[in-house]
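Numbering-wise (my numbering), the sequence shown opens with residue 2 and increments by one.
All residues carry an ideal CB built from backbone N, CA and C; glycine is no exception.
Because the structure is a prediction, the values reported are computed rather than measured.
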Amino acid sequence: CEAWGTLRFADSATPWPESLPFWLPDLPVVDGDDGAWHPEDALFAPLVDATGELLGVLSVDLPTDGRRPGIERRELLEIFSVQAGLVVDQARLHTRLQRSQAVFQRAFEHAPVGMAVFGPDRRLSRANPAYCRFLGRTEQDLIGRTAHDFSHPDETGLTDTASRQVRGGSADVQGVLRRYLHTDGRVVWGRVTLTWLDGEAGGEVLAHLEDVTDARAAAEDLEHRASSDPLTGLAN
2 CEAWGTLRFA DSATPWPESL PFWLPDLPVV DGDDGAWHPE DALFAPLVDA
52 TGELLGVLSV DLPTDGRRPG IERRELLEIF SVQAGLVVDQ ARLHTRLQRS
102 QAVFQRAFEH APVGMAVFGP DRRLSRANPA YCRFLGRTEQ DLIGRTAHDF
152 SHPDETGLTD TASRQVRGGS ADVQGVLRRY LHTDGRVVWG RVTLTWLDGE
202 AGGEVLAHLE DVTDARAAAE DLEHRASSDP LTGLAN
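Okay, structure coming up:
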């Protein structure tokens, strides 16, 4: 193939592999006219993404005027192929993003641990069923409220510290034990992990909340049994 800028032109003299199928347009052969388009001529424009990876090839097999393109039309085709490649690339990225969002949505809704998203204003914007069950509230009851509204009063300082730490972008908050107030008045224990979602400080934060209320109660009971006399209840 002959190089025309970023384009490639194959004329009737170019040997085609016998195994390669190709389409021949119903176009008359004009002898002695080098500018006429031969039925076996083909012009190829590569479609590449933003990184230069080849996505495909745009083929011109039948120009409307039956002529080989001049420099101006070649340049226009080069420009078009660049734009077409970027459009295809954006479409692929959009499809990947939609799939990622769908996967995140399924994981969010069906996760066995509580998950909630807090916005830049520190107010809850989304909560999954496990998070709602842990607090005994519906998602609508939680949306627009801050973590202070359902945390134990003694946890206020820890809540503020953890929020400043993760929103400052310094590090995620991992596995911190905290007390919360269930809607029935019980104190429930959760192991919370805060993850910074956005690429800039102050953005959205994803909270993972594991219910450890029963496990903590069982551990305290074992500790009490080990340190107390089973008959008198007095400390050993």
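In the structure shown, Gly-53 adopts coil according to DSSP, grouped into three states. Per DSSP, the unbroken beta strand (DSSP E) holding Thr-194 starts and ends at 188 to 197. Under DSSP, the beta-bridge partners assigned to Val-174 are Leu-195. Per DSSP, Phe-10 lies in no alpha helix (DSSP H); the unbroken beta strand (DSSP E) holding it starts and ends at 8 to 11. If you look at Asp-212, you'll find it in the beta strand (DSSP E) that goes 206 to 212. Short of 6 angstroms from the beta carbon of Glu-140, and not among the five residues preceding or following it, lie these beta carbons of its own chain, in chain order: Ala-128 and Cys-133. Rounded to whole angstroms, the separation of the alpha carbons of Asp-142 and Arg-123 is 16 angstroms. DSSP, read as helix, strand or coil, puts Ser-82 in helix. DSSP places Ala-131 in the uninterrupted alpha helix (DSSP H) bounded by 130 to 136.
In the DSSP annotation of this structure, Glu-3 is not part of any alpha helix (DSSP H); the continuous beta strand (DSSP E) holding it starts and ends at 3 to 5. In this structure, DSSP gives Pro-154 a helical state, which the three-state scheme calls helix.
Here Trp-197 is buried: its Cβ has 16 or more other Cβ atoms, across all protein chains shown, within 10 Å. Burial of Pro-70 is indicated by the presence of at least 16 other C-beta atoms within 10 angstroms of its C-beta.
In the structure shown, the three-state DSSP call for Phe-119 is strand.
The beta carbon of Leu-25 sits closer than 7 angstroms to the beta carbons of Pro-40 and Glu-41 from its chain, once the five residues preceding and following it are set aside; these are given in chain order.
Three or more beta-carbon pairs separated by less than 8 angstroms are not found between the region 55 to 67 and the region 96 to 111, which leaves the two stretches without contact. In the DSSP annotation of this structure, the continuous segment of the alpha helix (DSSP H) that includes Leu-143 starts and ends at 140 to 143. Per DSSP, Leu-98 has no beta-bridge partner at all.
Nearest C-alpha to Ile-72 among Ser-20, Ala-148 and Thr-7: Thr-7. Rounded to the nearest whole angstrom, the C-alpha separation of Pro-121 and Gly-145 is 12 angstroms.
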